[in-house]
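Quick note on numbering: the sequence shown equals residues 521 to 676 in the numbering used here.
Even glycine gets a Cβ: it sits at the ideal position worked out from N, Cα and C.
Quantities reported herein were computed from a predicted structural model and do not represent experimental measurements.
Structure, as structure tokens:
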Amino acid sequence: MYEALQVISKIDSLNSLSTFHRWRKLVEELCNVEFPKRTIQVGKTSYTKIYEFSESDVEKFRQVAELRSRGRPIKEAIIEVFENQTKKDEIENSEIIEKLIKAIRKMNEELDDLTIKMTDMNQQMVLVRRENYQLKERIIKLEKGKLDKPFSRKKA
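Structure representation (structure tokens):
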């Protein structure tokens, strides 16, 4: 990450810190771009916030300076360089959102299927328990019947 003075040193046709800050402010206003800030201590009890710029930001400002040196008005140059990236980001974000929506719909369908299967399994469990109970009752009745007639003959 670069501070404003470092950015100025990397751009040949940009000489003034105030010009760079004016350009940064125009970028923020025209293209809705926010640059990250960092707080630093400048005195015993005082702090200030400084902007930090990435390598791609420096390259974009370099392109703005190049367009400016060719005679393009500053606002047009800023919009041309920074707006393209903003539009790309918006398109990319909308594509990601669409993919997420599709994935959520698919997951909801799977959840509905699993809920139906779980309901069926619960119904089957109830039937199995009922059948198990009935079989236990029959076994108990048969065993009681055998105990009452321990030596009964089989009829041929």
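- Put simply, of Val553, Ser614, Lys637, Glu618 the residue whose alpha carbon is nearest the alpha carbon of Phe573 is Val553.
- If only complete runs of 4 or more residues are kept, the segment 564-604 shows the alpha helix (DSSP H) at 575-589, in order along the chain.
- Taken atom to atom, the span from the alpha-carbon of Glu610 to that of Lys595 is near 21 Å.
- For Cys551, the closest alpha carbon among the candidates Glu600, Thr539, Leu537 is that of Glu600.
- By the criterion of a C-beta distance shorter than 8 Å, Thr635 is surrounded by no residue of its chain, once the five residues flanking it on both sides are discounted.
- According to the DSSP assignment, Ile560 belongs to the beta strand (DSSP E) that extends over 557-561.
- Distances from the CA of Arg588 to each of Tyr567, Thr565, Asp532, Lys664 were compared; the closest alpha carbon is that of Asp532.
- In this model, Ala597 and Trp543 are separated by some 10 Å (Cα to Cα).
- Within a 10 Å sphere around the beta-carbon of Val547 sit 16 or more other beta-carbons, which makes this residue buried.
- Cβ contact annotation for Tyr567 (same chain, cutoff 6 Å, sequence separation greater than five): Thr559, Gln561, in chain order.
- In its chain, beyond the 5 residues on either side, Glu600 have a beta carbon closer than 8 Å to the beta carbon of Arg592.
- The C-beta of Ile528 has 16 or more other C-beta atoms within 10 Å across all chains shown, which makes the residue buried.
- Straight across, the Cα-Cα distance linking Ile621 with Lys607 is about 21 Å.
- Contact annotation, Ile570 with Lys557: C-beta distance approximately 7 Å; criterion of less than 8 Å satisfied.
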